[in-house]
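Enquirer: Once you've had a glance at the structure underneath, I'll fire off some questions.
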Amino acid sequence: MKKLFISFFLLLIICFSCIENTEKNYSLSFSQLLVNAKESPNSIESEQPLFSWIVDATGYNKSQSAYHILVASSKELLNEDDADIWNSKKIESDKSTFVKYKGESLNAMTTYYWKVKIWDENYGF
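Here the sequence shown stands for residues 1 to 125, where the numbers follow the UniProt record's numbering.
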């Protein structure tokens, strides 16, 4: 009976260590933030620019399940997650290309800053 208990205990330890190792091999991130299909454009001529990003997923069956776009008038505000221009709120979608800006009209000759947050199918960042 004691051998059975020890064997069962060792089996549990092995299972939990395998689960922990597999979770570390999964990741979801993004790269190449684009506006109207351009990286860091100097100017845009659209009142409703289109945002895109490349989703980089490693591991089995990882994908984006939601996104949240923030647009601000300064880097400082954006770093504090204070979107004074537009806050899309969290949107349940795997879409990562040509997401239309739906905020107030943008001013010409003005610099804006944006970022996106994404979630995976388990709702982790």
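Ideal Cβ positions, reconstructed from N, Cα and C, are used throughout, including at glycine.
To the nearest angstrom, report how far apart W119 and Q64 are at their CA atoms.
Expert: Computed Cα separation, rounded: 6 Å.
Enquirer: When you compare only the Cα positions, how much space is there between K75 and K95?
Expert: Straight-line Cα distance between these residues: approximately 25 Å.
Enquirer: Can you name, in chain order, every residue of its own chain whose Cβ lies under 7 Å from the Cβ of A57, other than the five neighbours on each side?
Expert: Same-chain partners within the cutoff: L28 and S63.
Enquirer: L106 by DSSP, collapsed to three states: which one?
Expert: Reduced to three states, the DSSP call for L106 is coil.
Enquirer: Does the distance from the CB of S93 to the CB of A66 come in under 8 Å?
Expert: Yes; because the gap between Cβ atoms is below 8 Å, this pair is in contact.
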